[in-house]
Amino acid sequence: MTRTQSRRIGARSLMVLAACLLPLTLAARAQDNNSSSPLPAAAKPNPCVAMINAPTETRTFYLTNVNQQIQGTEVMVAIRNLLCPTVKIYYVDSQKAIIIEAPLAQLNLADKIIHDLDRAIRTYRVTYTLTELEAGKTLSTEHYSMLLGDGEHTSMKEGNKIPIATGTYSNGAAATSPSSEVQTQFTYLDIGMSFDATIAVSGNGVRLRSKVEDSSLDQPVTIAGVTEPVVRQSVLDGTSVLTLDKPFMLGTIDIPNTARHMDIAVLIEQIK
Numbered sequence: 010m011t012r013t014q015s016r017r018i019g020a021r022s023l024m025v026l027a028a029c030l031l032p033l034t035l036a037a038r039a040q041d042n043n044s045s046s047p048l049p050a051a052a053k054p055n056p057c058v059a060m061i062n063a064p065t066e067t068r069t070f071y072l073t074n075v076n077q078q079i080q081g082t083e084v085m086v087a088i089r090n091l092l093c094p095t096v097k098i099y100y101v102d103s104q105k106a107i108i109i110e111a112p113l114a115q116l117n118l119a120d121k122i123i124h125d126l127d128r129a130i131r132t133y134r135v136t137y138t139l140t141e142l143e144a145g146k147t148l149s150t151e152h153y154s155m156l157l158g159d160g161e162h163t164s165m166k167e168g169n170k171i172p173i174a175t176g177t178y179s180n181g182a183a184a185t186s187p188s189s190e191v192q193t194q195f196t197y198l199d200i201g202m203s204f205d206a207t208i209a210v211s212g213n214g215v216r217l218r219s220k221v222e223d224s225s226l227d228q229p230v231t232i233a234g235v236t237e238p239v240v241r242q243s244v245l246d247g248t249s250v251l252t253l254d255k256p257f258m259l260g261t262i263d264i265p266n267t268a269r270h271m272d273i274a275v276l277i278e279q280i281k
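As numbered in my numbering, residues 10 to 281 make up the sequence shown, in order.
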């Protein structure tokens, strides 16, 4: 055998050996890659499924800071949405109480939710000041105050109810009593000061939605032989953002047929 033939045989042997080793190398690499890849995490168990057959207890939670039915209903809805669907929840508005039948773990969760939501509502005093002026001179000053909670609406009125005839009718009485045959129907108008206020507290201040109305009787008029009263009315209606403990001028209303005008200012104070 020549030297050239020996070289050819050696090269062929190396090629065969490489072909045999290549699949083993690729398999080892694949195994290494698989071993380095994280295993899929096990699915998190559903706690509600685990509690289906768990023993239950019944507990009553009393809400100490709820003043309106909507407030208690909102707490109950929050609990219902966060607890398991099988939990039984009842709201008794007359007692401001929530009754829950559930496993102990769910009762503890409900207790935490109620503790976080049933908090004291801050109370604020809203004071309107009406100042009547003429030629820069103060003629009179009146103060009207009301207490509100955050998000609550309050109305206040001061004045008189004035009867207004709206029509007449016959009651069918006998002719011997002509004075009782015709009856007059009346309605009543509120005359005086009226205030409506709603506040919403935020980090930037207090948002006040208010309406101030001043009404009074003017000179009556006669229409078709009937004397009718005339009501003079001034209304200031709007929304403002105020700073606590700082007076804010809502506006000025001119008083008809005079040189006087009325300044309306408001002050909001937190009292608890």
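Cβ coordinates follow ideal geometry from the N, Cα and C atoms, glycine included. Predicted model, so just to flag it, every value in this text is computed and none were measured.
Would you give the residue range spanned by the alpha helix (DSSP H) that residue i belongs to?
i	result
alanine 59	56 to 59
Counting C-beta neighbours from all protein chains within 10 Å, is the total for residue i 16 or more, i.e. buried, or is it exposed?
i	result
lysine 105	buried
phenylalanine 195	exposed
leucine 72	buried
proline 112	buried
alanine 129	exposed
valine 75	buried
leucine 31	Annotation note: pLDDT 48 at leucine 31 (below 50); position unreliable, no value reported.
valine 86	exposed
glutamine 115	buried
leucine 118	buried
leucine 157	buried
Less than 8 angstroms between the C-beta atoms of residue i and residue j, yes or no?
i	j	result
threonine 109	valine 101	A quick correction: the sequence has isoleucine, not threonine, at residue 109. The answer is no: Cβ separation not under 8 angstroms.
leucine 277	valine 221	Checking the displayed sequence, the identity of residue 277 turns out to be isoleucine instead of leucine. Their beta carbons are not under 8 angstroms apart, which means isoleucine 277 does not touch valine 221 by this criterion.
leucine 259	serine 219	yes
alanine 209	aspartate 254	no
threonine 136	valine 275	yes
isoleucine 79	isoleucine 88	no
serine 164	aspartate 199	no
lysine 170	methionine 202	no
proline 265	isoleucine 173	no
Return the CA-CA distance between residue i and residue j, expressed in angstroms with no decimal places.
i	j	result
serine 224	leucine 91	51 angstroms
arginine 131	lysine 281	6 angstroms
histidine 162	threonine 82	18 angstroms
valine 240	serine 154	25 angstroms
leucine 48	isoleucine 123	Because the pLDDT at leucine 48 is just 49, under 50, the model does not fix this residue reliably, and the value given afterwards should be weighed accordingly. About 40 angstroms.
tyrosine 197	threonine 236	16 angstroms
aspartate 120	tyrosine 133	29 angstroms
leucine 139	isoleucine 273	5 angstroms
aspartate 263	leucine 245	12 angstroms
alanine 268	threonine 177	41 angstroms
alanine 144	serine 103	56 angstroms
isoleucine 107	aspartate 125	15 angstroms
alanine 312	lysine 53	Since the first and last residues shown for the chain are 10 and 281, residue 312 lies out of range.
glycine 234	serine 149	39 angstroms
cysteine 93	threonine 207	37 angstroms
Could you tell me the boundaries of the beta strand (DSSP E) in which residue i lies?
i	result
leucine 156	146 to 158
aspartate 272	269 to 279
aspartate 246	235 to 251
valine 230	214 to 232
threonine 175	162 to 179
glutamate 66	66 to 71
valine 75	Here valine 75 belongs to no beta strand (DSSP E), and DSSP marks it neither H nor E.
Using a threshold of 7 angstroms, is the CB atom of residue i nearer than that to any non-hydrogen atom of the ligand GTP?
i	result
valine 221	The ligand content of the structure shown is nil, which means the ligand GTP is not present either.
(request) Let me know the alpha helix (DSSP H) ranges lying completely inside the region 87 to 134, each 4 residues or longer, listed in chain order. (result) 113 to 126
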